[in-house]
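Residue numbers (the numbering used here), protein chains in the order written: chain E, 5 to 331; chain S, 12 to 339.
Here a beta-carbon is modelled for each residue, glycine too, at the ideal position from N, C-alpha and C.
All values reported here derive from a predicted model rather than from experimental measurement.
Structure first, commentary second.
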Amino acid sequence: MLRLRQLFRGNDNGGLLVLLAALCIGFSVLLPGRFATHDTLTSILFQLPEFGLLALAMLLPLLSGGINLSIIASANMAALLMAWILTAGLGTLGGSPVVLIFIALLAGFALSLVVGAITGYLVATVNAHPILVTLGAMSIVNGACVWLTRGKPIAGFPAEFQLLGSTVLLGIPLPFWIFVAATVAVGLYLSRTRYGVAVYMVGSNLPATRYSGVDTRKVLIGVYTISTLLCWVAAILMMARFNSASAGYAQSYLLITVLAAILGGVDPFGGFGKVSGLFIALLILQVISSGLNLLGVNPQLTQAMWGTTMVLVMAARYLLPKRRPVR
Amino acid sequence: MRNSKLLALLHGPKGYLSLVIVIMALFFGVLAPQFLTLGNIVDLIEGSSVTAILAIGLFVVLVAGGIDISFAATASVAQYAAAYFATKSQLPIPAIIAIDLFVGALLGCLNALLIDRLRATSIIITISTMSVFFALLMYFTGGRSIYDLPAWWSSPVVLFEFAGSGDATVRITLPIAVMVIVAVATSFIMNRTSLGRQTFAMGGNVEAARRAGINLTTTQFFAYGYLGLMAGLAGLVQAHRVGEAVPNAMVGGELFVLAAAVLGGASLTGGSGSVGGVMLGILLLAMLRNGLNLLGISPYFFQILLGVVILASAAMTGLKARRRLATA
Numbered sequence: 005m006l007r008l009r010q011l012f013r014g015n016d017n018g019g020l021l022v023l024l025a026a027l028c029i030g031f032s033v034l035l036p037g038r039f040a041t042h043d044t045l046t047s048i049l050f051q052l053p054e055f056g057l058l059a060l061a062m063l064l065p066l067l068s069g070g071i072n073l074s075i076i077a078s079a080n081m082a083a084l085l086m087a088w089i090l091t092a093g094l095g096t097l098g099g100s101p102v103v104l105i106f107i108a109l110l111a112g113f114a115l116s117l118v119v120g121a122i123t124g125y126l127v128a129t130v131n132a133h134p135i136l137v138t139l140g141a142m143s144i145v146n147g148a149c150v151w152l153t154r155g156k157p158i159a160g161f162p163a164e165f166q167l168l169g170s171t172v173l174l175g176i177p178l179p180f181w182i183f184v185a186a187t188v189a190v191g192l193y194l195s196r197t198r199y200g201v202a203v204y205m206v207g208s209n210l211p212a213t214r215y216s217g218v219d220t221r222k223v224l225i226g227v228y229t230i231s232t233l234l235c236w237v238a239a240i241l242m243m244a245r246f247n248s249a250s251a252g253y254a255q256s257y258l259l260i261t262v263l264a265a266i267l268g269g270v271d272p273f274g275g276f277g278k279v280s281g282l283f284i285a286l287l288i289l290q291v292i293s294s295g296l297n298l299l300g301v302n303p304q305l306t307q308a309m310w311g312t313t314m315v316l317v318m319a320a321r322y323l324l325p326k327r328r329p330v331r
Numbered sequence: 012m013r014n015s016k017l018l019a020l021l022h023g024p025k026g027y028l029s030l031v032i033v034i035m036a037l038f039f040g041v042l043a044p045q046f047l048t049l050g051n052i053v054d055l056i057e058g059s060s061v062t063a064i065l066a067i068g069l070f071v072v073l074v075a076g077g078i079d080i081s082f083a084a085t086a087s088v089a090q091y092a093a094a095y096f097a098t099k100s101q102l103p104i105p106a107i108i109a110i111d112l113f114v115g116a117l118l119g120c121l122n123a124l125l126i127d128r129l130r131a132t133s134i135i136i137t138i139s140t141m142s143v144f145f146a147l148l149m150y151f152t153g154g155r156s157i158y159d160l161p162a163w164w165s166s167p168v169v170l171f172e173f174a175g176s177g178d179a180t181v182r183i184t185l186p187i188a189v190m191v192i193v194a195v196a197t198s199f200i201m202n203r204t205s206l207g208r209q210t211f212a213m214g215g216n217v218e219a220a221r222r223a224g225i226n227l228t229t230t231q232f233f234a235y236g237y238l239g240l241m242a243g244l245a246g247l248v249q250a251h252r253v254g255e256a257v258p259n260a261m262v263g264g265e266l267f268v269l270a271a272a273v274l275g276g277a278s279l280t281g282g283s284g285s286v287g288g289v290m291l292g293i294l295l296l297a298m299l300r301n302g303l304n305l306l307g308i309s310p311y312f313f314q315i316l317l318g319v320v321i322l323a324s325a326a327m328t329g330l331k332a333r334r335r336l337a338t339a
């Protein structure tokens, strides 16, 4: 409990909590009897985790002064590999589904590890720009996924796998527990480990960090590897929820994950930001999303609204003197 | 003496690109006989004219040290606005074209305003504006195309025509001419006007440019506004080529444009690159796509190759920058 409180330390999040409360109240007023229900809370708790994990995957590269534009493609890639193993190997193995699921998970983990490490290597050692590296990775991964699946989703996983998505522990869905665990893990990594703290340093000033004796290469490789591994966990949750995997899922999430990070206090130039802020920002965005969904707002208007919100959040960051970025 | 000049020519992105283009031409020429015909080459150049115009505009922004991925959305909005007035009102032709270019430049300047005033990263701002522009466009148009464009816009304009191999006639059409004019004009602006050189300076080192007295805000507006203008022009040419204004036709092609610009020597950190390099990049990618198409290979494989090209190009730029830092 003490650790959690230390994670949530800092009065920067006060404003965000107020915003969250205001939004909940606002939507409850706009949608009497429909928003402030157990159903809404349940749907939020079910939808938030995969989005939250992708946001965590976006957080680390942003903190290091870069960006990872391939998170959606990586998640879909991992999902497709695991889905293919789950649906193709059922007959050949003949063993219990748990072994098959374990093999699928291991394969997804390995692939994400390799892709993340290569991305990190290109950014760190070859000094290639993160935007280009992750765009290139996204293009390769996405192209390969669509080419190999002909654009069709893979569906039909064993029932034991879907347990991952539907089990409820202590009234809270398992995916949410997984998400909370990942949040805590990333928060601890960033605040308590040598390489984690170095992420902030690298984001602030990479040459200075290198001259201070930190192996910036390892830090950056770690950043992009962990980022892609978080996409793997997100992929597992997406598969459990949709009972299928496709190369085209979650494409609209990219903008919102960046928005969640910026709203949560991450400096887009790198070097500043807390996991706790991201967590609250995710709740805010999920509440907005659910509220707008219940209000029946056109999805394209919603997308336009996210873009506008991002600009407004950037403007707000500029206008708040405490947070004004010095360039 | 002649040997060293030749070697000097081969150095740098233009030299490497030309070499790769020649090798690729031979490769595809052997595997697919119809590749090396004049008709096919002119066709693929004409097919990439819209992309080339966009890439030249993006080149200016990259040189300025920024990036903008909202240009396809800008082009779509400008194109649709012009198409709407062309079909629903009686405005004269120059007014329609002016509306298109104005909308494009306006949206580009909006990007510049946000990036400059908010001290924000260009990638995040332009991801946001791309979302807003495109989502609003799709919402207000309902995804419907305008397909009854007036004749002055959609009827083909052939500038030169001559006989190719067999019965085919080779046509040099308006899009190719527009592309060439844009390339020459942009090269002139970037290399021979102070505004262009200021852009290079700002991209190379912002702080040094500021202290040298360059007005960074003006240069930002020039760079993003120019891309917006090019986007508007590309929208006009695209509608001319296909005969209709389709709201979602151009969104999705951003990667090809960015790859061509980066191949041509433009780096994301700014300050380098040339229009000629960008044109060679366009030619290389267009040939690659056309060659793969003629060989019957899936277009998604091209997407994979595009990613590899971007990675390789980014790697080379990165290594070159690192080497320059080490020897400085």
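Provide the residue span of the alpha helix (DSSP H) that contains residue i, from first to last.
i              : result
A123 (chain S) : I104 to R128
T184 (chain S) : Per DSSP, T184 (chain S) belongs to no alpha helix (DSSP H); it is in the beta strand (DSSP E), T180 to T184.
E218 (chain S) : V217 to R222
P211 (chain E) : L210 to Y215
Y193 (chain E) : L178 to R196
R155 (chain S) : Premise fails: R155 (chain S) is in no alpha helix (DSSP H) and is neither H nor E.
S29 (chain S)  : G23 to L42
E265 (chain S) : E265 to L274
Y253 (chain E) : First-last for Y253 (chain E): undefined, no H or E at that position.
I225 (chain S) : First-last for I225 (chain S): undefined, no H or E at that position.
Alpha carbon to alpha carbon, what distance is there between residue j and residue i?
i              : j              : result
S285 (chain S) : A277 (chain S) : 7 Å
N259 (chain S) : G76 (chain S)  : 28 Å
L336 (chain S) : A212 (chain S) : 18 Å
L8 (chain E)   : V273 (chain S) : In this prediction, L8 (chain E) has a pLDDT of 49, which is less than 50 and means its spatial position is unreliable; what the coordinates show is noted afterwards. C-alpha separation (whole angstroms): 45 Å.
G239 (chain S) : L178 (chain E) : 47 Å
S29 (chain S)  : L65 (chain S)  : 21 Å
A94 (chain S)  : T187 (chain E) : 49 Å
G302 (chain S) : F39 (chain S)  : 6 Å
A26 (chain E)  : F50 (chain E)  : 22 Å
G295 (chain E) : F39 (chain E)  : 7 Å
A194 (chain S) : L291 (chain S) : 11 Å
I67 (chain S)  : Y199 (chain E) : 41 Å
M314 (chain E) : I266 (chain E) : 8 Å
S293 (chain E) : E255 (chain S) : 35 Å
S143 (chain E) : F171 (chain S) : 38 Å
G154 (chain S) : I284 (chain E) : 35 Å
Taking 6 Å as the cut-off, does the CB of residue i come closer than this to any heavy atom belonging to the ligand HEM?
i             : result
F39 (chain S) : Inclusion of the ligand HEM in the displayed structure is not the case, the ligand content being empty and no account of it being possible.
For residue i, tell me which candidate among the options has the shortest Cα-Cα distance.
i              : options                           : result
V279 (chain E) : E:G56, E:I29, E:Y228 and E:P162   : E:G56
V22 (chain E)  : E:Q307, E:I89, E:I288 and E:I107  : E:I288
F46 (chain S)  : S:K331, S:A297, S:V31 and S:S324  : S:A297
G207 (chain E) : E:L73, E:V315, E:A121 and E:P134  : E:P134
V203 (chain E) : E:F106, E:V270, E:I75 and E:F31   : E:V270
E265 (chain S) : S:I321, S:Y237 and S:I308         : S:I321
N209 (chain E) : E:L90, E:G69, E:L73 and E:Y257    : E:G69
V145 (chain E) : E:P211, E:T232 and E:P65          : E:T232
T328 (chain S) : S:V114, S:L306, S:A270 and S:M201 : S:A270
V18 (chain E)  : E:G300, E:A249 and E:G281         : In the sequence as presented, Val is not what sits at residue 18 (chain E); that position holds Gly. It is E:G281.
So is residue i in contact with chain E if we call contact Cβ pairs under 7 Å?
i              : result
V74 (chain S)  : no
S142 (chain S) : yes
Y311 (chain S) : yes
M149 (chain S) : yes
I135 (chain S) : yes
R335 (chain S) : no
L296 (chain S) : no
A146 (chain S) : yes
Is the CB of residue i under 7 Å away from at least one CB in chain S?
i              : result
G37 (chain E)  : no
Q290 (chain E) : no
L286 (chain E) : no
Y322 (chain E) : yes
W88 (chain E)  : no
I107 (chain E) : no
P272 (chain E) : yes
L24 (chain E)  : no
Residue range of the beta strand (DSSP E) that residue i falls in?
i              : result
F171 (chain S) : V169 to A174
Run the CB neighbour count on residue i, radius 10 Å, all protein chains shown included, and call it buried at 16 or more, exposed below.
i              : result
S166 (chain S) : exposed
L234 (chain E) : buried
L52 (chain E)  : buried
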